[in-house]
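Heads up: the sequence shown begins at 138 in the numbering used here, then just goes up one per residue. Here a beta-carbon is modelled for each residue, glycine too, at the ideal position from N, C-alpha and C. None of the values given here were measured: they were computed from a predicted structure. Notes follow once the structure below has been shown.
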Amino acid sequence: MNKFLFKQIDNTGLSLFRVVFGLLITLEAFGAIATGWVRRVFVEPDFTFNFIGFDFLQVFVGEGMYLYFVLMGILGIFVMLGYKYRIAMFSYAILWTTVYLMQKTSYNNHYYLMVLLCWIMAFLPVNKRYSLDVKFNPSFKSIAVSQWVKWVLVLQVGIVFTYGSIAKWYPDWIHGTAPGILLQSKSHYYLIGDLLQQKWAHYILAYFGIVFDLIIIPMLFFKKTRLLGFYLSLFFHLFNSIVFQVGIFPYMSIAFALFFFTSETIQKRFKLNKEIYIENEWIKPKYNTNIPIGIFVLYFVVQLGLPLRHWAIKDDVLWTEEGHRMSWRMMLRSKKGVLKIYTLDKETGEKSRYDYKKMLSSKQKRAIATKPDLMWQLAQKIKEQEKKAGNDVKVFFNSKVSVNGGPYFQFTNDTIDIAGLDWNPVKHSNWLLSSPKDYHRK
138 MNKFLFKQID NTGLSLFRVV FGLLITLEAF GAIATGWVRR VFVEPDFTFN FIGFDFLQVF
198 VGEGMYLYFV LMGILGIFVM LGYKYRIAMF SYAILWTTVY LMQKTSYNNH YYLMVLLCWI
258 MAFLPVNKRY SLDVKFNPSF KSIAVSQWVK WVLVLQVGIV FTYGSIAKWY PDWIHGTAPG
318 ILLQSKSHYY LIGDLLQQKW AHYILAYFGI VFDLIIIPML FFKKTRLLGF YLSLFFHLFN
378 SIVFQVGIFP YMSIAFALFF FTSETIQKRF KLNKEIYIEN EWIKPKYNTN IPIGIFVLYF
438 VVQLGLPLRH WAIKDDVLWT EEGHRMSWRM MLRSKKGVLK IYTLDKETGE KSRYDYKKML
498 SSKQKRAIAT KPDLMWQLAQ KIKEQEKKAG NDVKVFFNSK VSVNGGPYFQ FTNDTIDIAG
558 LDWNPVKHSN WLLSSPKDYH RK
């Protein structure tokens with residue numbers, strides 16, 4: 138194991154990936170301000186739906202988040218340039234993880250991937266080439282790196298794409314229904330808008346997505362299929378960027394190819410100085426490797442297990458949302474909900490409809506009716522506000538949900554006081570009704 142993990146390889150591709158990664162996380166930070174994302178998610182709402190247990194992060198909500206994202210953008214530039222790399226990368230990882238944990242209304246699997254990659258990159262020695270750290274300290278330069286540095290990234294990316302493919306193996310995706318819904322709003326696109334509304338286009342997108350996610354890493358791994366895999370990656374990710382506007386993820390995914398091409402090819406294409414490490418020696422670590430290898434194995438056991446946890450929770454994740462996050466279930470479904478909330482005064486027995494919409498931003502209103510953990514959090518907040526007003530109340534949620542354009546079905550048991558319940562992240566919430574038969578069929 139040691140001889141494999143600590144075999145030395147050329148670090149051209151990994152060093153260039155740091156440059157691209159730094160550029161992309163810089164664009165992510167400044168772009169979030171420019172597009173109004175920071176305003177919609179962190180400034181306009183009175184509060185955010187943070188991950189349960191992280192309520193203390195609410196102190197950051199407000200206009201100060203503009204400066205917060207500016208700081209992240211500056212740190213991203215430092216990462217790109219390789220200046221004070223470790224400090225910059227660790228700092229960005231902390232700040233972005235905080236952003237991720239602060240809200241779920243705009244949840245995106247790509248944000249979760251950024252959390253993982255930021256922390257992985259913070260521990261990797263990828264600033265020993267093409268960096269200001271080397272320019273200011275030439276003795277720091279190295280053109281070689283232990284092979285484990287490459288493999289930790291390759292394995293992480295492989296897990297993302299493999300589970301992304303597996304998650305699509307369900308009827309509404311295979312039959313083209315879910316892709317068709319995703320493409321409904323694209324009819325105005327120049328040249329391709331009408332084509333994207335055709336049923337055959339939905340099938341192509343459905344099956345190409347399944348196959349691409351499953352085979353792209355093996356294609357890039359093998360020399361004979363590497364170039365074809367790269368061109369497929371270019372087409373697929375640029376298509377996603379143009380049609381779905383999914384931020385930096387498509388470009389980061391294209392950059393993953395740097396892990397697979399030879400250093401000779403990369404240096405030739407980017408016209409870099411031809412300085413290539415060819416010794417392929419094994420350098421025995423000066424420390425006991427059992428602990429880092431154990432951490433390495435444990436991390437990937439968790440990464441392999443998390444996307445499967447929904448199988449241990451009652452009912453279908455597509456219906457309940459339990460186990461949906463951190464599972465690479467990307468752009469799989471469309472859900473709509475209709476919600477009514479009622480409070481019951483325990484002292485008077487008076488039951489009345491509660492105007493919850495005054496508490497939420499427009500984005501939060503769209504999310505609340507279909508996501509159980511957001512409902513539970515809102516129930517706690519309503520109970521808390523009523524308590525401050527001198528009222529001890531029960532809180533009932535009446536939610537009806539439509540999945541992938543199907544009919545609306547009752548989602549919650551509106552006779553259960555949600556505010557009086559504890560939240561258990563690993564168990565099914567018994568106030569959710571069982572999924573109806575064929576609930577996602579039109």
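query	result
Residues that Arg-490 bridges to, as DSSP identifies them	Tyr-479
Closest by C-alpha distance to Gly-190, when choosing among Tyr-326, Gln-382, Asp-510, Lys-305	Asp-510
Inter-stretch contact at 8 Å, needing at least 3 Cβ pairs: the region 147-166 / the region 205-213	yes
Touching by the beta-carbon criterion (3+ pairs, under 8 Å), the region 175-192 and the region 238-246	yes
Short CB-CB distance (under 9 Å) between Tyr-436 and chain D	Protein chain content of the structure displayed is limited to a single chain, and chain D is not contained in it.
Beta-carbon proximity check, His-312 vs Met-467, cutoff 9 Å	no
Minimum length 3: unbroken beta strand (DSSP E) runs contained in the region 265-335	281-283
Exposure of Ser-539, with buried meaning 16 or more beta-carbon neighbours within 10 Å	buried
Stretch-stretch touch, CB-based, cutoff 8 Å, three pairs: the region 197-206 with the region 248-265	no
Residue interval of the alpha helix (DSSP H) (run including Asn-377)	360-381
Residues that Val-439 bridges to, as DSSP identifies them	None, per the DSSP bridge assignment.
Alpha carbon of Arg-223 to alpha carbon of Ala-281, nearest angstrom	18 Å
CB of Thr-549 within 9 Å of CB of Ile-519, strictly	no
Start-end ranges of the alpha helix (DSSP H) lying completely within the region 500-544, minimum 4 residues	509-525
Three-way DSSP call (helix, strand, coil) for Pro-147 in this model	The sequence shown places Asp at residue 147, not Pro. Note: Asp-147 maps to strand in three-state DSSP.
Gly-474 in three-state terms, based on DSSP	strand
Cβ separation of Trp-513 and Trp-456, assumed to be a contact under 8 Å, to the nearest whole Å	That pair is no contact at about 17 Å.
Backbone secondary structure at Leu-142 - three-state DSSP	helix
Which of helix, strand or coil DSSP assigns to Thr-399	coil
Pick from Asn-410, Lys-336, Ile-296 that is closest to Trp-465, judged by C-alpha positions	Ile-296
CA nearest to the CA of Pro-544, picked from Ser-499, Arg-462, Lys-472	Lys-472
Cα-Cα separation between Pro-482 and Thr-314, rounded to whole angstroms	As written in the sequence, residue 482 is Asp, which differs from the Pro given in the question. One C-alpha to the other measures close to 44 Å.
Nearest-angstrom Cβ-Cβ length linking Ser-498 and Glu-200, presumed shorter than 8 Å	With a Cβ gap of about 15 Å, Ser-498 and Glu-200 do not count as contacting.
Per DSSP, the bridge partner or partners of Gln-547	Lys-537
Assigned exposure category for Phe-141 - 16 Cβ within 10 Å defines buried	exposed
Pair within 9 Å by beta-carbon distance, Tyr-388 and Ser-378	yes
Beta-ladder partner(s) of Trp-419, from DSSP	Lys-144
Spatial distance of Met-356 from Thr-399 (CA atoms)	14 Å
Test item: CB-CB of Gly-366 and His-339 under 9 Å	no
Distance cut-off 8 Å: Ile-430 Cβ against heavy atoms of the ligand HEM	No copy of the ligand HEM appears in this structure; indeed no ligand is present at all.
Distance CB(Tyr-220)-CB(Leu-261) smaller than 9 Å	no
Helix, strand or coil at Leu-569 [DSSP, three-state]	strand
Three-state secondary structure assigned by DSSP to Arg-466	coil
DSSP-derived helix/strand/coil call for Ser-498	coil
Contact under 9 Å by Cβ, Tyr-307 with Leu-151	no
Cutoff 8 Å; reference Ile-610; Cβ partners in own chain excluding five residues on either side	Given that the chain is displayed from residue 138 to residue 579, the structure contains no residue 610 and the question cannot be resolved.
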